[in-house]
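Undergrad: Structure below; questions to follow.
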Amino acid sequence: MRSGVASSGIAGQSGAMSSGAPNVSVVIPVHDEVESLPDLLEAIASTFKTNQLNYEIICVDDGSTDGSAEFLKEEAQKRSDLKAVILRRNYGQTAAMAAGFNCALGDAIVTLDADLQNDPQDIPMLLAKLEEGYDLVSGWRQNRQDGAVKRLLPSRIANWLIRRTTGVHIHDYGCSLKAYRAEVVADMNLYGELHRFIPALAYIEGARITEVPVRHHARRFGRSKYGLWRTFRVLMDLLTILFMKRFLTRPMHVFGLLGLVSMVSGTLIGIYLTWVKLGLGRDIGNRPLLILAVLLLLTGVQLFCFGLLAELLMRTYHESQGRPIYRVREIVTNSAK
23 MRSGVASSGI AGQSGAMSSG APNVSVVIPV HDEVESLPDL LEAIASTFKT NQLNYEIICV
83 DDGSTDGSAE FLKEEAQKRS DLKAVILRRN YGQTAAMAAG FNCALGDAIV TLDADLQNDP
143 QDIPMLLAKL EEGYDLVSGW RQNRQDGAVK RLLPSRIANW LIRRTTGVHI HDYGCSLKAY
203 RAEVVADMNL YGELHRFIPA LAYIEGARIT EVPVRHHARR FGRSKYGLWR TFRVLMDLLT
263 ILFMKRFLTR PMHVFGLLGL VSMVSGTLIG IYLTWVKLGL GRDIGNRPLL ILAVLLLLTG
323 VQLFCFGLLA ELLMRTYHES QGRPIYRVRE IVTNSAK
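Quick note on numbering: the working numbering labels position 219 of the sequence shown as 241, and the sequence is numbered without any gaps.
What follows is the structure, given as structure tokens:
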């Protein structure tokens, strides 16, 4: 595990990779942003040069078709601060961020978009918050420069739902400008659209999270890759996060409870129908309640079995990977012993 930011300190020797491993890794997913990249790279380099930080830039090209990959490969051969990661095809922003995390060498990792809407000059402010002891610092775009219907309204609804569901009360889950301690994302498995839920995933692992207001600029080049069509995917991933938060290590508590309720309900209906048949002598063969009782009993048995299988899968998942069910923040002992 990499050493924490607080212990090693973010501020190191100036320049890119000037004394071995960098202190800060800047991860940037890229998809068709060739016009923005020159200004973005220079803005990041200028920011770190001004603040005397040892850094690296990791640009992950996610199947661009506008020449972004070629530009990044050329720049990576010229610059010592740039690492170009070229994916085989378009996998999505979550996969691109995961690839960048896996290549990062810094004690702190900063993510931002490639479209120049995030301001690199805000990066030192986020890193300063990490130095205060936080594990994750999220940017908050208080004055967003986006369209009201396609971006602002869906984003506000999504942020409200995520806050209510996860219990992590930050205003802007969709802001890509974030800073992390490297150990927070080291063993975080991302898929689907889970990149926007990283604060919730980190919270599940016991991370200390805060947010700071950051600048947001109008898009200068190209067009947005986001739209209303992402809402469904976000909702599905939100359900995944909700389950992981509450029942990741005890799935039997949800499947078993539902199965038990279903079986008890079916049994009670069955007892009532038995009394009607034997006690009152009435015919129950054509009653819908009979079908309902059978369905509830079968559904209950299935849910109960699902819970047992899920328990076995969770145990296999944790034990096969050596993944603990807890996270230790620090161990304090008396050094004089």
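By construction, the Cβ of each residue, glycine as well, lies at the ideal position given by its N, Cα and C atoms.
Shortest alpha-carbon distance to residue 73 belongs to which of 53, 52, 46?
TA: Answer by Cα proximity: 46.
Undergrad: Please report the residue range of the beta strand (DSSP E) in which residue 81 lies.
TA: Element bounds for residue 81: 76 to 83.
Undergrad: If you drop the 5 nearest sequence neighbours on each side, which residues of the same chain put their C-beta closer than 7 Å to that of residue 342?
TA: The answer is none, since no qualifying residue turns up.
Undergrad: Write down the C-beta distance between residue 59 and residue 94 rounded to the nearest angstrom, noting that I regard them as a contact closer than 8 Å.
TA: Right, their Cβ atoms sit about 7 Å apart.
Undergrad: Specify, as a first and last residue, the run of the alpha helix (DSSP H) that residue 158 falls within.
TA: Residue 158 -> not in any alpha helix (DSSP H); beta strand (DSSP E) instead, spanning 158 to 163.
Undergrad: Counting only the same chain and skipping the five closest in sequence on each side, list residues whose C-beta sits under 7 Å from that of residue 278.
TA: The residues are 326, 329.
Undergrad: Secondary structure at residue 232, three-state DSSP: helix, strand or coil?
TA: Of the three classes helix, strand and coil, the one that applies to residue 232 here is strand, per DSSP.
Undergrad: May I ask you to verify whether the stretch 149 to 168 touches the stretch 196 to 216, counting CB pairs closer than 8 Å and requiring at least 3?
TA: The stretch 149 to 168, when compared against the stretch 196 to 216, does touch it at the 8 Å Cβ threshold.
Undergrad: For residue 142, count neighbouring C-beta atoms within 10 Å of its own C-beta (all shown protein chains included) and say buried if the count is 16 or more, exposed if not.
TA: When all chains shown are included, residue 142 counts as buried.
Undergrad: Report buried or exposed for residue 288, applying the criterion of at least 16 other Cβ atoms within 10 angstroms of its Cβ.
TA: The residue is buried, with at least 16 neighbouring Cβ atoms inside 10 Å.
Undergrad: Taking buried to mean at least 16 other C-beta atoms within 10 Å of its own C-beta, is residue 305 buried or exposed?
TA: The residue is exposed, with fewer than 16 neighbouring Cβ atoms inside 10 Å.
Undergrad: Could you pull the start and end residues of the alpha helix (DSSP H) that residue 224 belongs to?
TA: Residue 224 -> alpha helix (DSSP H) spans 220 to 226.
Undergrad: So residue 216 and residue 116 are in contact, right, with Cβ under 8 Å, and what is the actual spacing, rounded?
TA: That pair is a contact at about 6 Å.
Undergrad: Can you tell me which of the three DSSP states residue 28 falls into?
TA: With a pLDDT of 40 at residue 28, under the threshold of 50, the predicted position of this residue should be treated as unreliable, though the coordinate-derived value follows. Helix at residue 28.
Undergrad: Can you check DSSP and say which residues form a bridge with residue 48?
TA: DSSP lists 79, 132 as partners of residue 48.
Undergrad: Among 68, 86, 187, which has the Cα closest to the Cα of residue 52?
TA: Among 68, 86, 187, the Cα nearest to that of residue 52 belongs to 86.
Undergrad: How about residue 107 and residue 89: do their beta carbons lie closer than 8 Å?
TA: Result no, Cβ atoms of residue 107 and residue 89 do not sit closer than 8 Å.
Undergrad: Spatial neighbours of residue 57 within its chain, please: C-beta separation below 6 Å, excluding the five flanking residues on both sides.
TA: Excluding sequence neighbours, residue 57 sits near 243.
Undergrad: Which of helix, strand or coil does DSSP assign to residue 112?
TA: Of the three classes helix, strand and coil, the one that applies to residue 112 here is coil, per DSSP.
Undergrad: With the cut-off set at 8 Å, would you say residue 317 and residue 285 are in Cβ contact?
TA: No, the pair does not count as a contact, with Cβ atoms beyond the cut-off.
Undergrad: Would you kindly work out how many angstroms separate the C-alpha atoms of residue 185 and residue 237, rounded to a whole number?
TA: Taking the straight line joining both Cα atoms gives about 22 Å.
Undergrad: Is residue 218 near residue 157, with beta carbons less than 8 Å apart?
TA: No, Cβ-Cβ distance for residue 218 and residue 157 is not below 8 Å.
Undergrad: Going by DSSP, what residue range makes up the alpha helix (DSSP H) through residue 294?
TA: Unbroken alpha helix (DSSP H) run through residue 294: 274 to 296.
Undergrad: DSSP three-state label for residue 302, please.
TA: Residue 302: coil per DSSP, three-state reduction.
Undergrad: Would you please state the rounded distance, in angstroms, between the beta carbons of residue 66 and residue 82? I believe it to be under 8 Å.
TA: Incorrect: roughly 15 Å between the Cβ atoms, too far for contact.
Undergrad: Between which two residues does the beta strand (DSSP E) holding residue 150 run?
TA: That residue, residue 150, is in no beta strand (DSSP E); its alpha helix (DSSP H) goes 145 to 153.
Undergrad: Using only the alpha-carbon positions, how far apart do residue 84 and residue 183 sit?
TA: Distance between the alpha carbons of residue 84 and residue 183: 28 Å.
Undergrad: Taking only the alpha-carbon atoms, compute the straight-line gap between residue 260 and residue 308 and give it to the nearest angstrom.
TA: Their Cα atoms are separated by approximately 42 Å.
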